[in-house]
Amino acid sequence: MTATKGLEGIVAATSSISSIIDGALTYRGINIDELAENATFEEVIYLLWYGKLPNRAELAKLQEQLDQYAVIPEQVIAQIKLYPAQTNSMAALRTAVSSLALYDEEANDMSEEANLRKAIKLQAQLPTIIAAYSRIREGKDPIAPKAGVSIAYNFLYMLSGNEPADVAVKALDQALVLHADHELNASTFAARVTVATLSDIYSGVTSAIGTLKGPLHGGANEAVMVMLEEIGSFENVEPYIQNALANRVKIMGFGHRVYKNGDPRAKHLQKMSRELGKLNGDLMLYEMSTKIEELVTGQKGLKPNVDFYSASVYTTLGIARDLFTPIFAISRVSGWTAHILEQFSDNRLIRPRADYVGASNVKYIPIEDR
Ligand code: ACO
Numbered sequence: 001m002t003a004t005k006g007l008e009g010i011v012a013a014t015s016s017i018s019s020i021i022d023g024a025l026t027y028r029g030i031n032i033d034e035l036a037e038n039a040t041f042e043e044v045i046y047l048l049w050y051g052k053l054p055n056r057a058e059l060a061k062l063q064e065q066l067d068q069y070a071v072i073p074e075q076v077i078a079q080i081k082l083y084p085a086q087t088n089s090m091a092a093l094r095t096a097v098s099s100l101a102l103y104d105e106e107a108n109d110m111s112e113e114a115n116l117r118k119a120i121k122l123q124a125q126l127p128t129i130i131a132a133y134s135r136i137r138e139g140k141d142p143i144a145p146k147a148g149v150s151i152a153y154n155f156l157y158m159l160s161g162n163e164p165a166d167v168a169v170k171a172l173d174q175a176l177v178l179h180a181d182h183e184l185n186a187s188t189f190a191a192r193v194t195v196a197t198l199s200d201i202y203s204g205v206t207s208a209i210g211t212l213k214g215p216l217h218g219g220a221n222e223a224v225m226v227m228l229e230e231i232g233s234f235e236n237v238e239p240y241i242q243n244a245l246a247n248r249v250k251i252m253g254f255g256h257r258v259y260k261n262g263d264p265r266a267k268h269l270q271k272m273s274r275e276l277g278k279l280n281g282d283l284m285l286y287e288m289s290t291k292i293e294e295l296v297t298g299q300k301g302l303k304p305n306v307d308f309y310s311a312s313v314y315t316t317l318g319i320a321r322d323l324f325t326p327i328f329a330i331s332r333v334s335g336w337t338a339h340i341l342e343q344f345s346d347n348r349l350i351r352p353r354a355d356y357v358g359a360s361n362v363k364y365i366p367i368e369d370r
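Numbering (full-length UniProt numbering), first residue to last: 1 to 370.
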C-alpha cells in the first residue's frame with residue numbers, strides 16, 4: 001500500500017453532478033460558460049439538485065420554497081448575538097449552521113423527502129445567517145429576508161437594508177453561479193465522507209463549511225484581498241510579487257490541483273471585476289490584479305483560479321473582506337447538498353486505508369519504568 005499525497009489523481013466517487021474534463025467545467029453536462037452567461041443562481045440550484053433545468057412553474061415552486069424557509073430560528077439569532085466580537089466569519093457560519101439542526105424537528109429524518117427539504121432550508125438560510133451575523137457585529141438589528149426576490153438580491157438587501165442596485169445583484173448572481181459546484185473539491189469530499197456514515201445533512205454541511213474555511217480552498221478569496229491591501233498601490237505590485245516569488249511564498253488565488261491550463265471560471269470574474277471597476281470609476285484593484293496575473297503567470301506559469309478576481313469583485317460591491325468566503329458557502333451549499341443527496345442515494349461508507357510508516361514491535365513499558 002502506497003499513499004498518494006493529497007489524493008492527487010485518485011478517483012474517489014462516481015457522480016453525475018459536475019465534471020472537469022479537459023479543463024472544461026460542466027454542471028449536469030452544461031458548460032459553465034453557458035451557465036455563467038445565461039442562467040440565474042436559482043436555475044443552477046435546481047439543475048444541481050434535480051439534474052435538469054427548471055421550467056417556469058418548477059422555478060416558481062423552488063422560489064416559493066426558498067422564501068418559505070429563509071427565516072432562521074430566533075434562538076440561532078440569539079446565539080449569534082453571544083458570539084465573541086472577534087469571531088471569524090466562517091467559524092460563526094459553521095457554528096450557526098450546526099445550531100440550525102437543533103431547531104429542526106426533522107434534522108435526523110433520513111427519508112428522501114426530508115433530506116431534500118433540509119437541502120432547501122440550508123440553501124435558504126445560509127444567506128440569512130451571514131447577513132444577520134454581519135449586522136449583529138456592527139451593533140445593528142438583523143433584517144428579515146424578503147419574499148419573491150433572488151438569493152443575490154436578498155443577501156445584499158439583508159446586509160444593508162437598502163434596495164441593491166441591479167448591477168450589483170447581477171454580478172453577485174453570476175458569482176454564485178460560478179461557485180456552485182466543482183466535482184470532488186475538498187469541502188464536497190468532506191461533506192460526502194460525513195454523510196456516508198449515515199450522519200445527517202446538517203453534519204455534512206457543517207463539515208463542508210469547516211473545510212471551505214482554509215486558505216488553500218475557499219479561504220483564498222479573503223487571502224487575495226489581504227494581499228491586495230498589503231500591496232496597496234499599482235507601483236508596489238512588481239516589487240511585492242518579485243519578493244514573494246523569490247521567497248517561495250504562495251500567491252493566493254493562483255494554481256489549482258486539477259486545472260493546469262487555467263480555471264475556466266476566472267475569466268468571467270475578471271470581466272466582472274473590470275466592468276464593476278469601470279462603473280465605479282475606480283479600476284485600481286482590477287489593474288493591480290491584472291499586473292499580478294501578468295507577473296505570476298509569466299514567471300511561474302501559474303494561472304488565476306476562481307478566488308483571484310472574486311476579491312476585487314466583492315470589494316467593488318462594497319462587501320467586507322471577511323464575508324468573501326461565507327459568500328462562497330452561500331453558493332457552494334447548493335453543490336454540497338446535491339452531492340449529499342447523491343451520496344445517500346447509493347451510499348457506501350467512505351473508509352480508505354493509510355500507509356503505516358511508524359514504529360513496529362514496540363514493547364509496552366510500565367509507567368514507573370519510563
Ligand atoms: N503561488 C506560488 N507557487 C505555487 C502556488 C501559488 N499560488 N500554487 C502552487 N505553487 C507551486 C508550489 O509551491 C509547488 O512548487 P514546488 O514543486 O517547487 O514546491 C508547486 O507549485 C505545486 O504546488 P502544490 O501546492 O503541491 O499544488 P497542489 O496541487 O497541492 O495545490 C493549490 C493546489 C492548493 C490550489 C495551490 O496551487 C495553492 O496553494 N494555491 C494558493 C491557494 C489558492 O488559491 N487556493 C484556492 C484554490 S481554488 C479553490 O479551492 C476554490
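Think of the CB as a built atom: it goes at the ideal place given N, C-alpha and C, for glycine as much as any other residue.
In the structure shown, what three-state DSSP assignment does residue i receive?
{"i": "Ala24", "result": "strand"}
{"i": "Phe234", "result": "coil"}
{"i": "Pro164", "result": "coil"}
{"i": "Ser111", "result": "coil"}
{"i": "Ile10", "result": "coil"}
{"i": "Ile77", "result": "helix"}
{"i": "Ser18", "result": "strand"}
{"i": "Ile201", "result": "helix"}
{"i": "Ile30", "result": "strand"}
{"i": "Pro264", "result": "coil"}
{"i": "Pro127", "result": "helix"}
{"i": "Pro239", "result": "helix"}
{"i": "Pro326", "result": "helix"}
Given the structure, does residue i come close to the ligand ACO, in the sense that its CB is under 7 Å from one of the ligand's heavy atoms?
{"i": "Asp181", "result": "no"}
{"i": "Pro215", "result": "yes"}
{"i": "Phe254", "result": "yes"}
{"i": "Arg28", "result": "no"}
{"i": "Ile330", "result": "no"}
{"i": "Ser146", "result": "Ser is not the amino acid found at residue 146; the sequence shown has Lys there. No; taking the cut-off as 7 Å, the Cβ of Lys146 has no heavy atom of the ligand ACO nearer than that."}
{"i": "Asn305", "result": "yes"}
{"i": "Leu302", "result": "yes"}
{"i": "residue 435", "result": "With the chain running from 1 to 370 in the structure shown, residue 435 is simply not present."}
{"i": "Gln358", "result": "Per the sequence shown, the amino acid found at residue 358 is Gly instead of Gln. Gly358 Cβ: outside cutoff for every heavy atom of the ligand ACO."}
{"i": "Arg137", "result": "no"}
{"i": "Ala220", "result": "yes"}
{"i": "Arg257", "result": "yes"}
{"i": "Gly204", "result": "no"}
{"i": "Asn280", "result": "no"}
{"i": "Gly262", "result": "no"}
{"i": "Gly9", "result": "no"}
{"i": "Asn247", "result": "no"}
{"i": "Asn243", "result": "no"}
{"i": "Gly6", "result": "yes"}
{"i": "Asn185", "result": "yes"}
Below 7 Å CB to CB, which residues in the same chain sit around residue i once its five sequence neighbours on both sides are set aside?
{"i": "Ala124", "result": "Leu66, Tyr69 and Ala70"}
{"i": "Glu43", "result": "Leu53, Pro54 and Leu59"}
{"i": "Pro326", "result": "Ser89, Met90, Leu93 and Ile130"}
{"i": "Leu323", "result": "Ser89, Ile130 and Ser134"}
{"i": "Thr197", "result": "Leu349"}
{"i": "Tyr314", "result": "Phe324 and Ile327"}
Any heavy atom of the ligand NAD closer than 7 Å to the beta-carbon of residue i?
{"i": "Arg348", "result": "As presented, the structure is devoid of the ligand NAD, carrying the ligand ACO as its sole ligands."}
Near residue i, which residues of its chain fall below 6 Å by C-beta distance, leaving aside the five closest residues on each side in sequence?
{"i": "Glu8", "result": "none"}
{"i": "Lys118", "result": "Ile201"}
{"i": "Ala338", "result": "Ile17, Leu48 and Trp49"}
{"i": "Asn280", "result": "Thr316"}
{"i": "Ser273", "result": "Tyr286, Tyr309, Ser312 and Val313"}
Near residue i, what residues of its chain come up, given a Cβ to Cβ distance below 8 Å and the 5 sequence neighbours on each side ignored?
{"i": "Ala320", "result": "Ser134"}
{"i": "Val193", "result": "Ser207 and Ile350"}
{"i": "Asn261", "result": "Gly23 and Lys303"}
{"i": "Gln75", "result": "Ser99, Leu102 and Tyr103"}
{"i": "Met110", "result": "Leu198, Asp200 and Phe344"}
{"i": "Val169", "result": "Ser150, Ala152, Tyr153 and Leu156"}
Report task. Could you tell me whether the stretch 204-213 touches the stretch 288-302, where touching means 3 or more Cβ pairs closer than 8 Å? Result -> no
Report task. Report yes or no: do three or more beta-carbon pairs, one from the stretch 147-167 and one from the stretch 336-349, lie closer than 8 Å? Result -> no
Query - Contact the stretch 173-183 vs the stretch 11-20: 3+ CB pairs below 8 Å - result: With a cut-off of 8 Å, the stretch 11-20 and the stretch 173-183 count as touching, because enough Cβ pairs lie within range.
Query raised in the report: With contact counted as at least three CB pairs below 8 Å, one residue from each stretch, are the stretch 167-177 and the stretch 188-195 in contact?
Result: no
Query raised in the report: When the Cβ atoms of the stretch 29-49 are set against those of the stretch 352-366, are three or more pairs found closer than 8 Å?
Result: no
Query raised in the report: Hey, is the stretch 236-256 in contact with the stretch 120-136, meaning 3+ C-beta pairs nearer than 8 Å?
Result: In this structure the stretch 236-256 does not touch the stretch 120-136; the number of beta carbon pairs closer than 8 Å is below three.
Query raised in the report: Hey, is the stretch 43-56 in contact with the stretch 213-231, meaning 3+ C-beta pairs nearer than 8 Å?
Result: no
Query raised in the report: Taking one C-beta from the stretch 298-305 and one from the stretch 250-268 each time, how about it: are there three or more such pairs within less than 8 Å?
Result: The stretch 298-305 vs the stretch 250-268: in contact.
**Report entry** Stretch pair the stretch 95-114 + the stretch 153-169: three plus CB contacts closer than 8 Å
**Finding:** no
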